[in-house]
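Student:
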Amino acid sequence: MTMSQHRAEQLSQLKWMRAISLIEGSTLLLLVLVAVPLKHFAGFAVATRIMGPIHGLAFLAYIWLLIQLVAGGGWSRPEIARLAIAAFIPFGGFVNARVLARREMLLATP
Amino acid sequence: MIYEWLKALHVAAVLCWSGGLLVAAVTVAAYATKAEAAGAAIIEIVGRWDRRVTTPAMLVVWGAGLALAMQGQWFGSLWLTIKLGIVVALSALHGVLAGMLRRLARSEAPTPHWLSHMPPLIVGCAAAIAVLVVVKPF
Chain A
2 MTMSQHRAEQ
12 LSQLKWMRAI
22 SLIEGSTLLL
32 LVLVAVPLKH
42 FAGFAVATRI
52 MGPIHGLAFL
62 AYIWLLIQLV
72 AGGGWSRPEI
82 ARLAIAAFIP
92 FGGFVNARVL
102 ARREMLLATP
Chain B
2 MIYEWLKALH
12 VAAVLCWSGG
22 LLVAAVTVAA
32 YATKAEAAGA
42 AIIEIVGRWD
52 RRVTTPAMLV
62 VWGAGLALAM
72 QGQWFGSLWL
82 TIKLGIVVAL
92 SALHGVLAGM
102 LRRLARSEAP
112 TPHWLSHMPP
122 LIVGCAAAIA
132 VLVVVKPF
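Below is the structure:
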């Protein structure tokens, strides 16, 4: 496999991870800012019953991609810790997406 | 009716996933034991197979499995809770192996020796899952 193919594959992996990170971040916000208040203040328990599993699946997909990224090498421990911890914090998914976009730009620059 | 079709889809995906997982584990184990054991071509082919077949199979396993558990109202059963734990561990291991295949395709990085013990562990997990699902001892 040539170096450009390796680079294209790494770029595709980062793009996938960025997309899942944005989905994970958005579903966490919908869960915390919309579904939970709807449940507690309006009595719509169904909101969390729907958003909970959706966010759970997005979170699992993100963690799976993170494991793959870490095993693939090329990331420092502080970077990995940041990518992992931010997934638990509202808006953290968007911060992670920016970190991943920056790495994509570095990789795309010949 | 739909339950039976979902079950068939789940079993088919499980077969593809466990087969692909074993291929990836044996390839990485060969590298962990002896650096020159697996050639660059093998790493590339197994890596491509993992991305195109094994990983989508894992997603189908999860999707169909969760749908089956919801339809059959199996959530809460101890056998399913234990099985889910094993499947989460196998999924995490799959992530590690997929990452290692990418790393090996890119460089001559040393492979952690503990990965050489993964193939028998996967076989053990598959056997445990089969017992849990078929016998449902708990």
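As they're listed, the protein sequences go chains A and B. If you're matching positions, the first sequence starts at 2 in my numbering and goes up one per residue. If you're matching positions, the second sequence starts at 2 in my numbering and goes up one per residue. Ideal Cβ placement from N, Cα and C applies to all residues, glycine included. Just so you know, these numbers come straight off a predicted model, no measurement behind them.
Measuring only the C-alpha atoms, how far is B/A26 from B/L91?
Tutor: Mapped onto the second sequence, residue 26 of chain B falls at position 25. Mapped onto the second sequence, residue 91 of chain B falls at position 90. Computed Cα separation, rounded: 11 Å.
Student: Check the Cβ of A/W65 against every Cβ in chain B and list those closer than 7 Å, keeping chain order.
Tutor: The count along the first sequence starts at 1 and reaches residue 65 of chain A at position 64. Ordered by position in chain B, the residues that pass the 7 Å Cβ test against A/W65 are S92, G96.
Student: Closer than 7 Å between beta carbons: that is the criterion. Which residues of the stretch 72 to 90 of chain A meet it against chain B?
Tutor: Under the 7 Å Cβ criterion, the stretch 72 to 90 of chain A contributes A72, G73, G74.
Student: Flag B/G21 as yes if its beta-carbon sits less than 8 Å from any beta-carbon of chain A, otherwise no.
Tutor: The residue labelled residue 21 of chain B in the question sits at position 20 within the second sequence. No, because no Cβ of chain A sits closer than 8 Å to the Cβ of B/G21.
Student: Below 8 Å on the Cβ atoms is my guess for A/A62 versus A/I21; work out the distance and round it to an integer in Å.
Tutor: By 1-based counting over the first sequence, the position of residue 62 of chain A is 61. By 1-based counting over the first sequence, the position of residue 21 of chain A is 20. So it is a contact: roughly 5 Å between Cβ atoms.
Student: Of all the beta strand (DSSP E) runs that stay within the bounds of the stretch 51 to 122 of chain B, which reach a length of 3 or more residues?
Tutor: Segments of the beta strand (DSSP E) lying fully in the stretch 51 to 122 of chain B: there are none.
Student: Does any heavy atom of the ligand GDP sit closer than 7 Å to the C-beta of A/L84?
Tutor: Absent from the structure shown: the ligand GDP. Ligands present: none.
Student: Within the 8 Å Cβ cut-off, does A/L70 reach chain B?
Tutor: On the first sequence, position 69 is the one that residue 70 of chain A refers to. It does: the Cβ of A/L70 has a partner Cβ on chain B nearer than 8 Å.
Student: Check the Cβ-Cβ distances between A/H7 and every residue of chain B, and say whether any is below 8 Å.
Tutor: On the first sequence, residue 7 of chain A is found 6 positions in, with the first residue counted as 1. Yes, contact with chain B.
Student: Assign A/P91 to one of three DSSP states: helix, strand, or coil.
Tutor: Residue mapping note: residue 91 of chain A aligns to position 90 of the first sequence, counting from 1. A/P91: coil per DSSP, three-state reduction.
Student: Nearest-angstrom Cα distance between A/F60 and B/M59?
Tutor: Walking along the first sequence from the start, residue 60 of chain A turns up at place 59. Walking along the second sequence from the start, residue 59 of chain B turns up at place 58. Rounded to whole angstroms, A/F60 to B/M59 spans 16 Å at the Cα level.
Student: Suppose the cutoff is 8 Å on Cβ atoms and the five residues either side in sequence are ignored; what does the same chain contact list for B/P120 look like?
Tutor: The residue you call residue 120 of chain B lines up with position 119 of the second sequence. Closer than 8 Å at the Cβ level, and outside the excluded window around B/P120, lie L23, A26, V27, A30.
Student: Look up A/S5 in the DSSP assignment and say whether it is helix, strand or coil.
Tutor: By one-based count along the first sequence, residue 5 of chain A stands at place 4. Three-state result, A/S5: helix.
Student: Helix, strand or coil for B/F139, going by three-state DSSP, please let me know.
Tutor: Taking the second sequence and counting its residues from 1, the one referred to as residue 139 of chain B is at position 138. Of the three classes helix, strand and coil, the one that applies to B/F139 here is coil, per DSSP.
Student: Check whether the Cβ of B/G100 lies closer than 8 Å to any Cβ atom in chain A.
Tutor: In the second sequence, the residue the question calls residue 100 of chain B occupies position 99. It does; some Cβ of chain A falls within 8 Å.
Student: CB-CB under 6 Å to A/L32, same chain, minus the five flanking residues each way: which ones, in chain order?
Tutor: On the first sequence, residue 32 of chain A is found 31 positions in, with the first residue counted as 1. Here the set comprises M52, H56.
Student: How is the alpha helix (DSSP H) around B/S19 delimited, first residue to last?
Tutor: If you number the second sequence from 1, residue 19 of chain B lands on position 18. Its alpha helix (DSSP H) spans residues 3 to 34.
Student: Whose C-beta lies closer than 7 Å to the C-beta of A/A102 among residues of the same chain, with five residues either side of it excluded?
Tutor: As a first step, residue 102 of chain A is located in the first sequence; it is residue number 101 there, counting from the start. For A/A102, where only same-chain residues beyond five positions count, the Cβ hits under 7 Å are R19.
Student: So does the stretch 34 to 50 of chain A actually touch the stretch 70 to 78 of chain A, counting three or more Cβ pairs closer than 8 Å?
Tutor: The stretch 34 to 50 of chain A is not in contact with the stretch 70 to 78 of chain A.
Student: Within the 8 Å Cβ cut-off, does B/R53 reach chain A?
Tutor: Here residue 53 of chain B refers to the residue found at position 52 when the second sequence is read from its first residue. Output row for B/R53: interface = no.
Student: Alpha carbons only, please: which of B/A110, B/G86, B/G66 is nearest the one belonging to B/Y32?
Tutor: Translated into positions along the second sequence, residue 32 of chain B becomes position 31. Nearest option by C-alpha distance: B/A110.
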